[in-house]
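Residue numbering for the sequence shown follows UniProt numbering, starting at 1 and increasing by one per position. A virtual CB, placed ideally from N, CA and C, is assigned to each residue, including glycine. Predicted, not measured: the structure shown is a model, and the values here were computed from it. Reviewing the structure listed below.
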Amino acid sequence: MKPAATISQSDIAPPAHESALAAISGRARDYASLTKPRIVFMVLITVVVGYVLGARGGPHPATLLSTLVGTGLVAASASCLNQWMERARDARMRRTANRALPRKRVSPREASILGAVLGCAGMALLLAGANVPAAAVAGTTLAMYVLVYTPLKPRTTLNTAIGAIPGALPPVIGWAASTGTIGMEAFALFLIVFLWQFPHFLAIAWLYREDYARGGMRMLPNVDPDGSITARQATLYALSLVPASLLPTMIGLAGHVYFTGALLLSLAYLAAAVRFWAGVSDAGARRLLRMSFLYLPLVLLLLVLNPPA
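This is the structure in structure tokens:
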């Protein structure tokens with residue numbers, strides 16, 4: 001009889017080059033996760049809308065590309081530096097405990113350097129490929145998000161209102177890049193995104209109120225146990241969004257199809273907020289959150305597809 005074949009460790013272990021590739025791939029995924037690619041993508045959609053609306057004579061491809069890449073790098077920098085600053089709090093929250101920094105898959109030094117490099121590269125590209133106004137708005141966005149909003153999250157429930165300012169500036173970056181100015185049209189875009197954020201983020205804050213409390217974040221639901229103030233605030237901001245949504249048509253930025261669509265969408269958003277207020281619950285917050293995800297992309301799409309006659 002032949003002796004049974006023996007299995008060595010080398011027979012089971014993957015080749016060295018495969019292990020190295022897996023390690024590099026995992027490292028790249030961790031670095032990418034620091035930049036929050038999905039949020040960057042959403043930011044860039046609003047930038048494109050602002051740019052296209054400003055470039056009525058047709059977009060300049062090179063300027064648009066520089067604006068998108070530059071703003072994307074700045075947005076990635078903001079996310080990276082935000083996670084670097086919040087790594088200890090993220091480690092205490094269930095929804096963020098598995099991020100690269102709390103799990104020590106990326107060191108704080110690496111994250112801070114990556115954030116700084118991305119921010120500098122994005123600002124340089126906006127200055128070189130777009131213009132000074134666009135770079136100035138992007139710089140303001142980054143500074144407010146990292147130096148004002150992030151430090152205030154564990155200190156005051158007003159952090160949502162403060163964070164909504166940099167959150168609403170990306171379409172202004174796009175407008176400034178295509179026109180070189182910041183006028184009433186840019187303000188209308190800013191106002192829509194600014195007001196949209198309140199019902200959206202208040203719904204999230206309600207759904208994750210226990211997790212935010214665990215992480216030491218001062219969100220409104222943490223000082224509003226029954227949710228009545230949270231739901232009322234969401235409803236008031238949704239109500240304010242109704243006339244704000246109609247502003248683009250009133251100032252000649254969009255047509256009447258947009259006006260009708262924006263009115264219906266904003267009323268639907270308001271109805272979801274009112275339902276949340278009428279009976280505060282996780283289900284109501286989820287309905288409001290789903291409606292927020294429908295409202296913004298559809299309104300932005302209508303803006304682009306229905307210019308003024």
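Can you tell me whether residue i is helix, strand or coil according to DSSP?
i	result
SER107	coil
LEU303	helix
HIS256	helix
ARG99	coil
PRO133	helix
ALA272	helix
GLY284	helix
GLY58	coil
LYS2	With a pLDDT of 48 at LYS2, under the threshold of 50, the predicted position of this residue should be treated as unreliable, though the coordinate-derived value follows. Residue state, collapsed to three classes: coil.
ALA309	coil
GLY26	helix
ARG92	coil
PRO225	coil
GLY115	helix
SER292	helix
PRO154	coil
GLY279	coil
Which same chain residues end up closer than 6 Å to residue i when comparing Cβ atoms and leaving out the 5 residues on each side of it in sequence?
i	result
ASN82	THR150
GLY129	SER66
GLY216	ARG89 and PRO154
VAL43	ALA75 and PRO170
ALA176	PRO133, ALA134, VAL137 and ILE182
Given this structure, state the Cα-to-Cα distance separating residue i from residue j, to the nearest angstrom.
i	j	result
CYS80	CYS120	13 Å
ALA234	ALA285	10 Å
PHE293	GLU185	23 Å
VAL193	VAL137	15 Å
VAL280	LEU169	31 Å
PRO199	THR160	10 Å
ALA78	ALA231	29 Å
TYR295	LEU265	6 Å
ALA55	GLY72	20 Å
LEU263	VAL242	7 Å
ALA278	ASN222	20 Å
LYS104	GLY115	17 Å
GLN197	LEU267	16 Å
VAL172	THR140	11 Å
LEU195	ALA205	16 Å
GLY58	LEU191	25 Å
ASP282	ARG94	18 Å
ALA272	ARG29	37 Å
VAL40	ILE229	31 Å
PRO61	TYR212	42 Å
ALA111	ILE162	24 Å
TYR145	THR35	14 Å
GLY70	ALA188	23 Å
LEU236	PRO37	31 Å
LEU142	ASN306	31 Å
TYR269	PHE201	13 Å
GLU210	LEU147	26 Å
Starting from residue i and walking both ways along the alpha helix (DSSP H), at which residues does that stretch end?
i	result
SER240	228 to 250
ALA177	170 to 179
LEU64	61 to 85
ARG218	Here ARG218 belongs to no alpha helix (DSSP H), and DSSP marks it neither H nor E.
VAL52	37 to 54
GLY167	159 to 167
VAL193	184 to 207
Please return the same chain residues whose Cβ sits closer than 8 Å to the Cβ of residue i, not counting the five positions on each side in sequence.
i	result
ASP226	VAL280
PRO108	TRP84, ARG87 and LEU101
residue 311	Outside the modelled stretch of the chain, which goes from 1 to 309, sits residue 311, for which no answer is possible.
PRO297	ILE45
Please confirm whether any heavy atom of the ligand MG lies closer than 7 Å to the CB of residue i.
i	result
VAL280	Annotation note on the ligand MG: not contained in the displayed structure, which lists no ligands.
Which residues in the same chain as residue i place their Cβ atom closer than 7 Å to its Cβ, once the five residues preceding and following it in sequence are excluded?
i	result
ALA135	MET123, LEU126 and LEU127
MET1	Since pLDDT at MET1 reaches only 44, below the 50 mark, its modelled position is unreliable, and the value read off the structure follows with that caveat. Within the same chain, MET1 has no close Cβ partners at all.
LEU64	TYR51
LEU303	VAL49, LEU53, PRO248, ALA254 and TYR258
Using 8 Å as the threshold, is the C-beta distance between residue i and residue j below it?
i	j	result
ALA164	LEU288	no
TYR258	SER178	no
SER240	VAL299	no
VAL49	LEU68	no
ARG92	ARG275	no
THR260	MET219	no
GLY180	ASN131	yes
ARG99	SER33	yes
TYR31	VAL106	yes
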